[in-house]
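Undergrad: Chains as they are written, first to last, in UniProt numbering: chain Y, 1 to 142; chain C, 1 to 142.
Glycine included, every Cβ here is placed at the ideal spot set by N, Cα and C.
Every value quoted in this text rests on a predicted model; they were computed, and no experiment measured them.
Mind having a look at this structure? Questions to follow.
2 protein chains.
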Amino acid sequence: MADIEHLQIVKASAADVYFALTTAKGLSEVWTNELTVHELVGAVNEFQFGSDDLTKMQIVELIPGERIEWLCVESDPEWVGTSLSFELEEKKGKTYVTFRQTNWAKVTDFYRSCNYNWAMFLYSLKLYCEEGQGMPFQRRKF
Amino acid sequence: MADIEHLQIVKASAADVYFALTTAKGLSEVWTNELTVHELVGAVNEFQFGSDDLTKMQIVELIPGERIEWLCVESDPEWVGTSLSFELEEKKGKTYVTFRQTNWAKVTDFYRSCNYNWAMFLYSLKLYCEEGQGMPFQRRKF
Chain Y
1 MADIEHLQIV KASAADVYFA LTTAKGLSEV WTNELTVHEL VGAVNEFQFG SDDLTKMQIV
61 ELIPGERIEW LCVESDPEWV GTSLSFELEE KKGKTYVTFR QTNWAKVTDF YRSCNYNWAM
121 FLYSLKLYCE EGQGMPFQRR KF
Chain C
1 MADIEHLQIV KASAADVYFA LTTAKGLSEV WTNELTVHEL VGAVNEFQFG SDDLTKMQIV
61 ELIPGERIEW LCVESDPEWV GTSLSFELEE KKGKTYVTFR QTNWAKVTDF YRSCNYNWAM
121 FLYSLKLYCE EGQGMPFQRR KF
């Protein structure tokens, strides 16, 4: 088994980071603007990346300002069954974001690529929370 | 033990990416502009990040256009003894960069932070190779 784990600092409140990670407005700036987002445990969020690439995340936990957890229920086979969590801790006006995608079967080239791309997602989160504009899929240069 | 592994695509030749990762000019744009860089196996490169933070990397392998390996010999205690490698593979005008920092004692908050920051380094590498200007330590917003 393998996990992806990142820690990043965002100069914004935990409430603002939580908003960015749980609302259609926030996630459309941070990740992809083709999405359906719910704010309810048990519901399934949908994220589209181009015409073929659909990812569905079931919401497992929502603790405002503190913690978000998703279970990937549809996507690339290497993602299905992985757990994704964002833990937020605000200290002196900054929010420490610990991101994890756990339960990968093994370290593959797709794992390596996703590890890089989750950091790009977190960088987009930082840009959106600090400067008002993120770098979602549609605006990234690949 | 724990490893950091990323895979990134740069729209540039492997020769250009190799230049960026092995020369003072390249590494000053990609990582930090306070540095001493050699292009000789066995030599020790020095990278400074602000007044207190010095990292020394002994060059273990240099295969032009293909592979670079460093051994960290001085830095944060969690880094000393880790191996760092960049493997380059050019396909259809793009270079696939596999980066690894192996031999971490365990997954800590510093590991998580470095995992994020190595991706920022790779993003800086991409910006430099594709657009001519990277995002080294001195120009990054933390």
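#1: When you compare only the Cα positions, how much space is there between Thr-108/C and Met-1/C?
#2: Just verifying my parser: in three-state terms, what is the DSSP assignment at Arg-112/C?
#3: Give me the chain C residues within the contact set of Leu-7/Y, using Cβ-Cβ distance strictly less than 7 Å, ordered along the chain.
#4: Excluding five sequence neighbours on each side, which residues of the same chain lie with their C-beta closer than 8 Å to the C-beta of Leu-127/C?
#5: List the whole-angstrom C-beta distance separating Phe-137/C from Phe-19/C, where the pair is believed to meet the contact cut-off of C-beta under 8 Å.
#6: So, helix, strand or coil for Leu-40/Y, using DSSP?
#7: Listing by chain order, which chain Y residues have their CB less than 8 Å from the CB of Met-120/C?
#8: Hey, is Phe-47/Y's beta-carbon within less than 8 Å of any beta-carbon in chain C?
#9: Can you tell me which residues form a DSSP beta bridge with Glu-57/Y?
#10: Quick one: grab the DSSP three-state call for Asp-16/C.
#11: Helix, strand or coil for Ser-124/C? Go by DSSP, reduced to three states.
#12: So, does the segment 47-61 of chain Y touch the segment 70-79 of chain Y, judging by three or more C-beta pairs under 8 Å?
#13: Mind listing the chain C neighbours of Thr-98/Y? Cutoff is C-beta to C-beta under 9 Å, in chain order.
#14: Under 8 Å, Cβ to Cβ, is there at least one residue of chain C near Phe-142/Y?
#15: Considering only residues of the segment 77-108 of chain C, which uninterrupted alpha helix (DSSP H) runs meet the minimum length of 4 residues and lie entirely inside it, listed in chain order?
#16: What are the boundary residues of the alpha helix (DSSP H) that includes Glu-29/Y?
#17: The beta strand (DSSP E) that contains Gln-8/Y, what's its start and end?
#18: Using CA atoms only, rank isn't needed, just tell me which of Trp-70/C, Gly-65/C, Ala-14/C, Ser-85/C is closest to His-6/C.
#19: Using 8 Å as the threshold, is the C-beta distance between Thr-102/C and Ser-83/C below it?
#20: Whole angstroms are fine: how far does the CA of Lys-25/Y sit from the CA of Ala-15/C?
#21: Using the three-state DSSP reduction, which class does Arg-139/Y fall into: helix, strand or coil?
#22: Measuring from the CB of Leu-21/C, is there a heavy atom of the ligand SAM at a distance below 7 Å?
#23: Are the Cβ atoms of Thr-36/C and Glu-46/C separated by less than 8 Å?
#24: Determine, using beta carbons only, whether Val-10/C and Leu-125/C come nearer to each other than 8 Å.
TA: Checking against the coordinates, here is how it stands:
#1: Along the second sequence, read from residue 1 onward, the residue named residue 108/C stands at position 108. Along the second sequence, read from residue 1 onward, the residue named residue 1/C stands at position 1. Cα to Cα, the separation comes out at about 11 Å.
#2: The residue you call residue 112/C lines up with position 112 of the second sequence. DSSP places Arg-112/C in helix when its eight states are reduced to three.
#3: Looking up residue 7/Y in the first sequence gives position 7. Near Leu-7/Y (Cβ distances below 7 Å), the residues of chain C are Asp-109, Arg-112, Ser-113, Tyr-116.
#4: For the purposes of this step, residue 127/C is taken as the residue at position 127 of the second sequence. Only Gln-133, Gly-134, Met-135 meet the Cβ criterion.
#5: Counting from 1 along the second sequence, the entry for residue 137/C is found at position 137. Counting from 1 along the second sequence, the entry for residue 19/C is found at position 19. Not quite, the Cβ-Cβ distance comes to about 20 Å (not below 8 Å), so this is no contact.
#6: The residue given as residue 40/Y occupies position 40 in the first sequence. Residue state, collapsed to three classes: coil.
#7: For this step, residue 120/C is matched to residue 120 along the second sequence. Residues of chain Y passing the Cβ test: Ala-119, Tyr-123.
#8: Your numbering for residue 47/Y matches position 47 in the first sequence. Answer no: the Cβ-Cβ gap between Phe-47/Y and chain C never drops below 8 Å.
#9: Mapped onto the first sequence, residue 57/Y falls at position 57. Per the sequence shown, the amino acid found at residue 57/Y is Met instead of Glu. Paired residues: Asn-45/Y, Cys-72/Y.
#10: Mapped onto the second sequence, residue 16/C falls at position 16. Three-state DSSP puts Asp-16/C in a helix.
#11: Working through the second sequence from its first residue, we reach residue 124/C at position 124. DSSP places Ser-124/C within a helical segment (H, G or I) once states are collapsed to three.
#12: Pairwise C-beta distances place the segment 47-61 of chain Y in contact with the segment 70-79 of chain Y, as three or more of them are shorter than 8 Å.
#13: Residue mapping note: residue 98/Y aligns to position 98 of the first sequence, counting from 1. Near Thr-98/Y (Cβ distances below 9 Å), the residues of chain C are Asp-109, Arg-112.
#14: Taking the first sequence and counting its residues from 1, the one referred to as residue 142/Y is at position 142. It does: the Cβ of Phe-142/Y has a partner Cβ on chain C nearer than 8 Å.
#15: none
#16: Residue 29/Y sits at position 29 when you count from the first residue of the first sequence. Note, Glu-29/Y: alpha helix (DSSP H), 24-30.
#17: Residue mapping note: residue 8/Y aligns to position 8 of the first sequence, counting from 1. Its beta strand (DSSP E) spans residues 2-10.
#18: As a first step, residue 6/C must be located in the second sequence, where it is residue number 6. Ranking the options by Cα distance to His-6/C, first place goes to Ser-85/C.
#19: Indexing the second sequence from 1 puts residue 102/C at position 102. Indexing the second sequence from 1 puts residue 83/C at position 83. Yes, these two residues count as a Cβ contact at 8 Å.
#20: As a first step, residue 15/C must be located in the second sequence, where it is residue number 15. As a first step, residue 25/Y must be located in the first sequence, where it is residue number 25. Distance between the alpha carbons of Ala-15/C and Lys-25/Y is about 41 Å.
#21: Within the first sequence, the letter at position 139 stands for residue 139/Y. Helix, per DSSP.
#22: Ligands are entirely absent from the displayed structure, and the ligand SAM is therefore not among its contents.
#23: Along the second sequence, read from residue 1 onward, the residue named residue 36/C stands at position 36. Along the second sequence, read from residue 1 onward, the residue named residue 46/C stands at position 46. Against a cut-off of 8 Å, the Cβ pair of Glu-46/C and Thr-36/C comes out as a contact.
#24: For the purposes of this step, residue 10/C is taken as the residue at position 10 of the second sequence. For the purposes of this step, residue 125/C is taken as the residue at position 125 of the second sequence. Yes, the pair counts as a contact, with Cβ atoms nearer than the cut-off.
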